[in-house]
Amino acid sequence: MTRSLLLPGWARVLGLMLLVVAACLLAAPVGLAQDIEPEGLVPGETVTYRQTVPVNVVFVGFDWADIDVAALRAELPASYEPIVRYPPFYGLEGRDMGLRFDFDYRTVFTDQAFEDEFFGYLASIATPGEPTLFQQLYNGMASNVLDVTGPVGYIDGPSAEQWLMTAGQQRLGINPDKSYTIYYINWYDRPDFQFHVYTKTDSPDPDTGYNFGLLRQTRKMVAWGGSHGRTWFYDLSAGPDSWTGNYDVDNADVDGDGQADYRIPVVWEYTAGGHRDPAALSSDLGLVTRYVGINLLFTTSPLYDPLVAAPGPGGQRVAHIELFNLHRLSNAADWIDMDMIQAEYESFQPYYDWQFVLDNNRRSESAAVRQAVRIGGGLSTKPDCWVDYGTPFAEYYCFFNENYSDFVPEYGPQDYVAAVFGFNGALSNLGGVPLGFADDNWRDGTQSYVFMFDGPEIRSAGYGFTTTAIHELGHHFGLSHPHDGYDSASGVDYGPGGDFYFAWLGDEARSMMSYIDVDWQFGPFDRDNMYRYEFAGYLNWSNHVLDDVLAHPDRGTVRELVAAGREHARTAERAFRQWDYLAAATHARMAYEAIATAAQTLGVAAPAFATESLAPINGTVPRFVDPIR
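Sequence positions in the sequence shown follow this note's numbering and run 1 to 629.
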């Protein structure tokens, strides 16, 4: 049974709580009301926590005549309900996430004064330079509308974002703390226009020192957000750029997969004879708002269930990193910064007691490990455990699953252990490897182990182990990329290709889960989504455990624990309504700790993910592997 709580809204919440209390008093054994008053939690129920989410769509440099607001809004969903994305690949339903977001859209067109000051600011901070490689490639297209000429302005993306967020609050009445905002920008039609791109150049790779934002032409951007808050902008007069593929206006299939790729062109290509009919601009921006802004940044669905990685009451969350040295001339431990990994996760989820363990050993000298890596990397098809899965790629999972205890020690009974296996070696020993991937169990879409790869060739491309470990653990704990996700309104899971090629735009934002490699932090969009997942998840777990606790004859002995759990649940709900999602997740976790400890005291089983219901092995499910890029 699912009950819906519309938050904010004290009256409805209070009314529902009173109904719950009355029902429990009628159905409960004599004396239960005096023992434990069911308030703040709803025993036995799966609650759907609803929240109205304002979404501001602001046009800077566009006239009313340029945008058909009705056409844009026709593309937008009324609501979003997150799902766990991986089980459906097996034909299964994941756990009910217990969340629903109802959108309140506001459309704003800025005035001349706003635009004059903003574009003046962009010009003032722009560093002049030559056209980017991809602007030059655009110039070489047969069907381009015009040629990009220099000097091109290179503009710091976070600075532009900060200006917009501040001005939006002061001049447009936008509350950046309790809404999400997209700014669509058009500088092109003004006499002071200059060709430009956006950059972020202050975050080199912590292991190699390689600065992707500074050195890579592919990292010159047309959008950015999340450095300072719940704001994202997309400048249609910037670029063209590599990441979105909009520099190519000649070829329908940009990525060579045999499908036409739908891209959002630069604004001057919306013209008669250009890449896109001018009438398509409004609906295109509606697509970006929906499939990038809402689905991939603001209200996303987790790749894996975050609660699978929940420690038991009093337990730690352990990241155990096992490094294997397949390259005798380099030491894997020289290319990983455990302090940075720990600091990032302790900042991201401070409500857990973390433990980070690095084991840099020479057990990789064993023939069995070397063979497993060669098979998984496509260098060998020697029969081994992978045969049961139908693909040599499964060797990574099945070998380390079968030999897990040889590499990872036992931790505490309430600890959750995220096991990471890293391989340092030349590509001749690793094969056709990705940077890393967070694998599932090949049965039902439950996360299993993390695998990551590094070596001389990979480091020459700029990557050490550190950022790969943070990224892949992010997947393991539940986060999706900002370029692939789930559309709640249609039920479609999609990635950046074909009709959704423009989803690559989602990478141009602060997110550890992005591919663009110009920032190595979990940004506000990552944080909002993870905290909401765990807020609703822990409260609903508490609801179901509490139901069993209340039915126990010795429930009176755990009265204080239950009272504490209820109080934390009430605090969590209040924080959720106020958009303080960190506090919501923190107190929801504390509510679960209290209720689960009460259950443990009484000998009542806490929620667990059963393995006896595993489906048959399925080697055809898509794998989310992260490439060297």
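Glycine included, each C-beta is placed from N, C-alpha and C at the ideal position.
Supposed contact pair residue j and residue i - C-beta distance, whole angstroms, cut 8 Å
{"i": "Glu117", "j": "Thr231", "result": "Contact doesn't hold; Cβ gap of about 17 Å is too wide."}
{"i": "Pro56", "j": "Val108", "result": "Position check: residue 56 holds Asn in this sequence, whereas Pro was assumed. So it is a contact: roughly 6 Å between Cβ atoms."}
{"i": "Glu395", "j": "Gly376", "result": "4 Å"}
{"i": "Thr46", "j": "Asp96", "result": "5 Å"}
{"i": "Gly455", "j": "Leu427", "result": "7 Å"}
{"i": "Ala584", "j": "Ala575", "result": "4 Å"}
{"i": "Gly312", "j": "Ala596", "result": "7 Å"}
{"i": "Gln414", "j": "Gln355", "result": "Incorrect: roughly 12 Å between the Cβ atoms, too far for contact."}
{"i": "Asp205", "j": "Thr467", "result": "6 Å"}
{"i": "Val417", "j": "Val318", "result": "5 Å"}
{"i": "Tyr247", "j": "Tyr138", "result": "4 Å"}
{"i": "Tyr389", "j": "Gly619", "result": "4 Å"}
{"i": "Val357", "j": "Phe324", "result": "Their Cβ separation, rounded to whole angstroms, is 15 Å, which puts Val357 and Phe324 out of contact at 8 Å."}
Candidates the options: closest to residue i by CA position
{"i": "Gly168", "options": "Val58, Val518, Tyr247, Asp250", "result": "Val58"}
{"i": "Val197", "options": "Ile125, Met165, Ala252, Gly256", "result": "Ile125"}
{"i": "Asn361", "options": "Asp484, Ser330, Tyr351, Pro311", "result": "Ser330"}
{"i": "Pro88", "options": "Ala238, Gly491, Ala310", "result": "Gly491"}
{"i": "Gly61", "options": "Gln135, Arg527, Phe134, Ala238", "result": "Ala238"}
{"i": "Ala272", "options": "Gly226, Ala332, Val145", "result": "Val145"}
{"i": "Gly256", "options": "Gln136, Arg50, Gly498, Gly556", "result": "Gly498"}
{"i": "Ile294", "options": "Asn529, Ala564, Gly431", "result": "Asn529"}
{"i": "Leu236", "options": "Gln194, Asp250, Gln217", "result": "Gln194"}
{"i": "Arg219", "options": "Val562, Gly245, Ala74", "result": "Gly245"}
{"i": "Gly150", "options": "Pro131, Gln371, Ala536", "result": "Pro131"}
{"i": "Ala438", "options": "Gly432, Gln447, Leu430, Met221", "result": "Gln447"}
{"i": "Arg263", "options": "Asp189, Leu323, Leu505, Leu137", "result": "Leu505"}
{"i": "Gly226", "options": "Pro43, Asp548, Tyr90, Asp177", "result": "Asp177"}
{"i": "Arg216", "options": "Pro627, Lys200, Phe522, Tyr345", "result": "Lys200"}
{"i": "Val420", "options": "Gly412, Val408, Gln135", "result": "Val408"}
Coil, strand or helix - residue i by DSSP
{"i": "Ile336", "result": "coil"}
{"i": "Leu16", "result": "For Leu16, the predicted model reports a pLDDT of 30, less than 50, meaning its position is unreliable; a value from the coordinates is still stated below. Leu16: helix per DSSP, three-state reduction."}
{"i": "His544", "result": "helix"}
{"i": "Glu37", "result": "Summary for Glu37: the model assigns pLDDT 36, below 50, so the residue's position carries little reliability, and this model does not support an answer."}
{"i": "Cys24", "result": "At Cys24 the pLDDT is 33, less than 50, meaning the model places this residue with poor confidence; the figure from the coordinates comes in the next sentence. Helix, per DSSP."}
{"i": "Arg510", "result": "coil"}
{"i": "Ala583", "result": "helix"}
{"i": "Arg629", "result": "coil"}
{"i": "Phe109", "result": "strand"}
{"i": "Phe421", "result": "strand"}
{"i": "Asp475", "result": "Residue 475 is actually His in this sequence, not Asp. Helix at His475."}
{"i": "Ser79", "result": "strand"}
{"i": "Gln162", "result": "helix"}
{"i": "Leu297", "result": "helix"}
{"i": "Arg623", "result": "coil"}
{"i": "Pro616", "result": "coil"}
{"i": "Asp250", "result": "coil"}
{"i": "Asn429", "result": "helix"}
{"i": "Leu329", "result": "coil"}
{"i": "Gln679", "result": "Here the chain has residues from 1 to 629 only, and residue 679 is not among them."}
{"i": "Pro128", "result": "strand"}
{"i": "Phe324", "result": "strand"}
{"i": "Tyr198", "result": "strand"}
{"i": "Phe212", "result": "helix"}
{"i": "Tyr533", "result": "helix"}
{"i": "His361", "result": "Checking the displayed sequence, the identity of residue 361 turns out to be Asn instead of His. It is a strand residue."}
Beta-carbon spacing of residue i, residue j below 8 Å
{"i": "Phe114", "j": "Asp192", "result": "no"}
{"i": "Tyr304", "j": "Tyr86", "result": "yes"}
{"i": "Leu546", "j": "Leu72", "result": "no"}
{"i": "Arg641", "j": "Leu582", "result": "Outside the displayed span of the chain (1 to 629) sits residue 641, for which this structure offers no information."}
{"i": "Leu164", "j": "Phe525", "result": "no"}
{"i": "Ala252", "j": "Asp241", "result": "no"}
{"i": "Ala503", "j": "His483", "result": "yes"}
{"i": "Asp406", "j": "Phe212", "result": "no"}
{"i": "Arg50", "j": "Arg100", "result": "yes"}
{"i": "Arg459", "j": "Thr208", "result": "yes"}
{"i": "Ala591", "j": "Leu550", "result": "no"}
{"i": "Tyr515", "j": "Arg623", "result": "no"}
{"i": "Val84", "j": "Pro302", "result": "yes"}
{"i": "Ile336", "j": "Gly464", "result": "yes"}
beta-carbon residue i near the ligand ADP non-hydrogen atom, thresh 7 Å
{"i": "Tyr581", "result": "Inclusion of the ligand ADP in the displayed structure is not the case, the ligand content being empty and no account of it being possible."}
The stretch 175–190 / the stretch 433–446 touching (three or more Cβ pairs under 8 Å): no
For the stretch 501–518 against the stretch 462–479, do three or more pairs of beta-carbon atoms, one drawn from each stretch, fall closer than 8 Å, so that the two count as touching? yes
Quick check: the stretch 284–295 against the stretch 380–389, are there 3 or more CB pairs under 8 Å? no
At least three beta-carbon pairs within less than 8 Å, the stretch 148–160 to the stretch 126–133: yes
Under 8 Å: do the stretch 558–577 and the stretch 65–81 share three or more Cβ pairs, one atom per stretch? no
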